[in-house]
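**Q** Structure provided below as structure tokens; questions to follow.
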Amino acid sequence: MKKPLLALTALSLCISSVITPLPASAALPLAVNGEQVPSLAPMLEKVTPAVVSIAVEGTQVSRQRLPEQFRFFFGPNFPTEKLQERPFKALGSGVIIDKDKGYVVTNYHVINSADKIRVKLHDGREYNAELVGGDKMSDIALIKLNKAKNLTEIKIADSDKIKVGDFSVAIGNPFGLGQTVTSGIISALGRSGLNIENFENFIQTDAAINSGNSGGALVNLKGELIGINTAILGPNGGNIGIGFAIPSNMMKNLTDQILEYGEVKRGMLGVQGGEVTSELAQAMGYESSKGAFISEVVPDSAADKAGLKAGDIITSVNDKKIDTFSELRAKVATLGAGKQVKIGVLRDGQSKIFDVTLGEQNETTTKAENLHEGLAGADLSNTIDSDPIQGVKVTKVAKNSPAERYQLQEGDIIIGVNRQRIKNIAQLRKILEKDPDILALNIQRGDRTIYLVIH
């Protein structure tokens with residue numbers, strides 16, 4: 345996503361850099377007036393072996409639009425696009441979280457579409473790695489080092505305990521230079537609405553992070569992991585002291601699910617709502633503008649079964665305060681389906697606690713371009729239980745769209761993709777993440793079954 349002045353930038357390195365030499369500066373003395381000068385070196389000696397550099401190789405598929413004259417000569421079924429494959433290389437960072445099993449956490453965008461993952465340790469050793477699992481919507485991935493021994497793992501802190509003003513240290517591999525350390529403070533917590541990920545609850549820091557830092561560590565002064573560096577805000581992707589990291593608690597919840605289920609099973613509370621504005625707080629006699637206002641409770645949802653009502657203000661989850669509706673959404677989604685949580689609520693001026701067992705967040709509708717460019721222009725939804733055929737229903741097809749050119753029609757039900765049976769959008773998305781280029785769709789159209797090939 346580009347903006348005229350500022351750009352949110354994922355930090356994997358796939359560009360070249362121009363390096364401008366700077367004047368040399370004198371090093372700090374070990375002591376001033378006989379007293380030891382504070383240094384991060386002792387902490388870093390313990391932490392830096394747990395931070396790795398990641399190099400990936402893969403193949404990207406681009407689509408070149410063919411002239412419309414081809415359709416005139418060869419007919420409407422002639423492809424409108426030509427697929428082109430080109431190899432790519434990218435760099436990023438990662439953090440060892442399990443020394444015995446060789447697990448390394450990084451950002452999903454670092455390893456996305458990678459055919460080969462190579463990891464370099466702080467001491468120079470290199471290993472091949474394989475993907476254990478990942479979650480594109482929250483930008484977390486877990487990889488495993490093959491046959492690695494004598495590793496150092498990082499200690500994971502409780503990111504809910506950090507405060508604005510705490511010191512922070514970023515460690516990673518910017519621009520492929522090798523391991524680099526920068527320092528700063530926590531500038532803000534719970535940042536959302538940045539359109540970087542689907543679920544955002546970022547730590548903001550002014551510690552300098554740049555391209556290649558993606559997946560690297562943000563640590564406190566004890567050397568404990570408090571976040572995974574993910575993105576920056578700055579002109580042309582440059583660092584201006586506004587960086588964002590995924591909180592360690594959020595990362596831990598996601599990687600635990602990946603290890604247990606092989607995927608992330610998002611929790612769902614089942615409420616609609618928004619932020620607590622000053623006007624709303626005044627109207628309700630609420631003395632704070634923090635919390636998540638519930639405007640609607642979905643019938644038969646986890647919230648409904650637990651007794652939550654429209655008009656409630658959610659103030660905490662598991663005794664951790666909630667400042668915004670976006671924070672509530674991210675926290676519930678990453679806690680995982682089936683988890684039992686305590687929801688703190690303000691109702692009619694009284695504080696109440698509700699025990700809630702989270703449901704599973706199922707994707708029920710989506711714009712097809714979110715799944716594949718060749719499906720752009722189609723709206724999709726899950727069929728309902730009473731439908732005679734289970735699958736993904738095409739509810740709308742825009743005129744002159746790729747979906748129309750590939751002959752998708754409103755009312756079609758997609759029941760299979762690339763020889764695999766599907767019953768919902770989640771299954772369709774999972775297949776496309778592994779095999780995204782050419783789609784062989786098995787479609788139920790009325791009383792007929794047809795096949796469409798989409799590039």
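The letter at position 220 of the sequence shown is residue 564 when you use this note's numbering, and the numbering goes up by one with no holes. Glycine included, every Cβ here is placed at the ideal spot set by N, Cα and C.
(1) Please work out which residues of its chain come closer than 6 Å, Cβ to Cβ, to Gln788, disregarding the five sequence neighbours upstream and downstream, and give them in chain order.
(2) Around the C-beta of Glu671, are 16 or more other C-beta atoms found within 10 angstroms, so that it is buried, or is it exposed?
(3) Would you mind sorting Asp692 into buried or exposed? The rule is 16 or more other CB atoms within 10 Å of its CB.
(4) In the DSSP assignment, what residue or residues form a beta bridge with Arg535?
(5) Let me know if Lys653 comes out buried or exposed under the rule of 16 or more other beta-carbons within 10 Å of its beta-carbon.
(6) Ignore the nearest five residues each way along the sequence and tell me which others in Gln684's own chain have a CB closer than 6 Å to its CB.
(7) Figure out for me which residue from Leu603, Glu619 and Leu598 has the closest Cα to the Cα of Arg610.
(8) Per DSSP, Ala646 is paired with what?
(9) May I ask which residues mark the beginning and end of the beta strand (DSSP E) holding Ile461?
(10) Rounded to a whole number of angstroms, what is the C-alpha to C-alpha distance between Lys774 and Gly522?
(11) To the nearest angstrom, report how far apart Ala370 and Ser383 are at their CA atoms.
(12) Along the alpha helix (DSSP H) that carries Lys767, what are the first and last residues, could you check?
(13) Mapping DSSP to helix, strand and coil, what is Arg792?
(14) Please name the residue, chosen from Ala551, Ser503, Val608 and Leu752, that lies closest to Glu568 on a Cα-to-Cα basis.
(15) Are the CB atoms of Asn573 and Gly516 within a distance shorter than 8 Å?
(16) Give every residue of the same chain whose Cβ lies closer than 8 Å to the Cβ of Ser645, excluding the five residues on either side of it in the sequence, and list them in chain order.
(17) I believe Ile687 touches Val661 by the beta-carbon criterion, under 8 Å. Please report the beta-carbon distance rounded to the nearest angstrom.
(18) Using only alpha-carbon positions, find the residue among Pro431, Lys675 and Gly520 that is nearest to Asn545.
(19) Under three-state DSSP, which class holds Asn291?
(20) Would you kindly report the start and end of the unbroken beta strand (DSSP E) that includes Phe698?
**A** Taking the definition as stated:
(1) In the same chain as Gln788, and ignoring 5 residues on each side of it, the C-beta atoms closer than 6 Å to its own belong to Ile733, Ile757 and Ile759, in chain order.
(2) Buried, because 16 or more other Cβ atoms sit within 10 Å of the Cβ of Glu671.
(3) By the neighbour-count rule (16 or more Cβ atoms within 10 Å), Asp692 is not buried but exposed.
(4) BP columns for Arg535 point to Phe546.
(5) Exposed, by the Cβ-count rule.
(6) Cβ neighbours of Gln684 beyond the five flanking positions: Thr701.
(7) Put simply, of Leu603, Glu619 and Leu598 the residue whose alpha carbon is nearest the alpha carbon of Arg610 is Leu598.
(8) Beta-bridge pairing links Ala646 to no other residue.
(9) Boundaries of the beta strand (DSSP E) harbouring Ile461: Ala458 to Lys464, taken from the DSSP string.
(10) Their backbone Cα atoms lie some 34 Å apart in a straight line.
(11) Caution is warranted here: a pLDDT of 38 is assigned to Ala370, below 50, making its placement in the model unreliable, and no coordinate value can be reported.
(12) Segment: none, Lys767 is in no alpha helix (DSSP H) and carries neither H nor E.
(13) DSSP, read as helix, strand or coil, puts Arg792 in strand.
(14) Among Ala551, Ser503, Val608 and Leu752, the Cα nearest to that of Glu568 belongs to Ser503.
(15) For the 8 Å CB-CB criterion, Gly516 and Asn573 form a contact.
(16) Cβ within range, chain order: Met612, Leu613, Gly614, Val615 and Gly703.
(17) Separation of the CB atoms of Ile687 and Val661 is rounded to 6 Å, and the pair is thereby assigned contact status at 8 Å.
(18) Ranking Pro431, Lys675 and Gly520 by CA distance to the CA of Asn545 puts Lys675 first.
(19) Here the chain has residues from 345 to 799 only, and residue 291 is not among them.
(20) Its beta strand (DSSP E) spans residues Gln694 to Thr701.
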